[in-house]
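Engineer: Just passing along the structure, written as structure tokens.
There are 2 protein chains.
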Amino acid sequence: MPTIDEVSDSLKLLSDKTRLTIMALLRHKEMCVCDIVDLLNTTQPNISQHLKKLRTGGLINETRRSQWIYYSLNVDDKPYLKQVIDQLPSMQDQINELKSQGCN
Amino acid sequence: MPTIDEVSDSLKLLSDKTRLTIMALLRHKEMCVCDIVDLLNTTQPNISQHLKKLRTGGLINETRRSQWIYYSLNVDDKPYLKQVIDQLPSMQDQINELKSQGCN
DNA sequence: CAGTTATATAAGTAAATAGTTATATTAGTG
DNA sequence: CACTAATATAACTATTTACTTATATAACTG
Numbered sequence: 048m049p050t051i052d053e054v055s056d057s058l059k060l061l062s063d064k065t066r067l068t069i070m071a072l073l074r075h076k077e078m079c080v081c082d083i084v085d086l087l088n089t090t091q092p093n094i095s096q097h098l099k100k101l102r103t104g105g106l107i108n109e110t111r112r113s114q115w116i117y118y119s120l121n122v123d124d125k126p127y128l129k130q131v132i133d134q135l136p137s138m139q140d141q142i143n144e145l146k147s148q149g150c151n
Numbered sequence: 048m049p050t051i052d053e054v055s056d057s058l059k060l061l062s063d064k065t066r067l068t069i070m071a072l073l074r075h076k077e078m079c080v081c082d083i084v085d086l087l088n089t090t091q092p093n094i095s096q097h098l099k100k101l102r103t104g105g106l107i108n109e110t111r112r113s114q115w116i117y118y119s120l121n122v123d124d125k126p127y128l129k130q131v132i133d134q135l136p137s138m139q140d141q142i143n144e145l146k147s148q149g150c151n
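Take a look at the structure:
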């Protein structure tokens with residue numbers, strides 16, 4: 048059973064619109080920073096900072112593959128977040144739109 | 048399917064420690080303001096303001112019974128919050144402790 | 001190694017937010 | 001109606017937070 052502090056910390060991370068959208072994106076597949084920057088309408092440092100918070104908070108994983116750093120969901124150990132994340136709206140359309148271009 | 052904005056607004060309400068604790072309390076039973084003030088360690092105006100936010104955000108109901116205003120959970124229309132709220136730690140011990148005194 | 005791409009970090013700013021103290025409102029009671 | 005109890009509102013303050021711009025780091029490429 049998680050503590051109130053644990054839950055509120057996790058929810059604080061998810062309660063920001065930009066970060067929640069990132070989570071909704073990563074639900075589909077792992078992505079590198081430039082993918083996310085292209086999909087959300089904001090700057091690279093902004094995304095980098097949000098990713099760092101999600102990473103530090105233990106909600107996502109980071110793995111470098113040559114020059115790209117890929118981020119992916121890491122919420123299997125937080126069952127109390129499962130339903131919220133599972134029920135985020137699909138971002139498939141936005142992802143498809145981007146596919147024609149691609150940041151790399 | 049809720050929108051990102053809906054979800055992030057709800058999560059913002061839940062992400063505050065005081066408000067999340069209030070929700071954890073109301074999971075057990077409806078309570079009036081003075082009950083909550085006694086259980087959490089803070090002031091009456093602080094609780095009143097948090098209750099107002101939860102109320103405006105549609106997460107709790109308010110009903111007056113003579114001089115007391117009782118608050119209760121109102122999350123049945125938000126399935127994406129169910130698991131988070133269901134898995135909040137039990138507050139039964141704290142509630143029992145208070146029962147011996149009672150604010151009214 | 002010089003240039004370029006991907007990402008992170010730093011520093012600053014404006015806005016949002018939680019909490020406090022003081023006061024208002026509403027209802028019950030003698 | 002005066003008094004008290006329960007709750008809400010207002011005004012203020014300190015802190016947090018998201019975002020921006022500028023710069024640093026790291027990896028790849030000719």
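Chains as they are written, first to last, in this note's numbering: chain X, 48 to 151; chain U, 48 to 151. Just so you know, even glycine gets a beta-carbon here, dropped at the ideal spot from N, CA and C. Please read these numbers as outputs of a predicted model, since none were measured by experiment.
In chain U, which residues lie less than 9 Å from X/M48 when you measure between Cβ atoms?
Structural biologist: Q134, L135, P136, S137
Engineer: Determine, for X/V131, whether the minimum Cβ-Cβ distance to residues of chain U falls below 7 Å.
Structural biologist: For X/V131, the answer is yes, since a Cβ of chain U falls inside 7 Å of its Cβ.
Engineer: Whose Cβ in chain U lies nearer than 7 Å to the Cβ of X/Y127?
Structural biologist: Ordered by position in chain U, the residues that pass the 7 Å Cβ test against X/Y127 are Q130, V131, Q134.
Engineer: Just the Cα atoms here: how many angstroms apart are U/S137 and U/L72?
Structural biologist: 8 Å
Engineer: Using a threshold of 7 Å, state whether the C-beta atoms of U/L86 and U/L135 are closer than that.
Structural biologist: no
Engineer: Mapping the DSSP letters down to three states, classify X/M48 as helix, strand or coil.
Structural biologist: Assigned with DSSP and collapsed to three states, X/M48 falls in coil, not helix or strand.
Engineer: In its own chain, which residues sit with a C-beta less than 7 Å from the C-beta of X/D124, not counting the 5 before and 5 after it?
Structural biologist: Nothing meets the Cβ criterion.
Engineer: Given that U/L106 touches chain X, what residues does it touch there, using C-beta distances under 8 Å?
Structural biologist: Simply none; closest approach about 13 Å.
Engineer: Does any C-beta atom of chain X lie closer than 7 Å to the C-beta of U/T154?
Structural biologist: Look at the range of chain U in this structure, 48 to 151, and you will see that residue 154 of chain U is not part of it.
Engineer: Under a CB-based cut-off of 7 Å, is U/K59 close to chain X?
Structural biologist: yes
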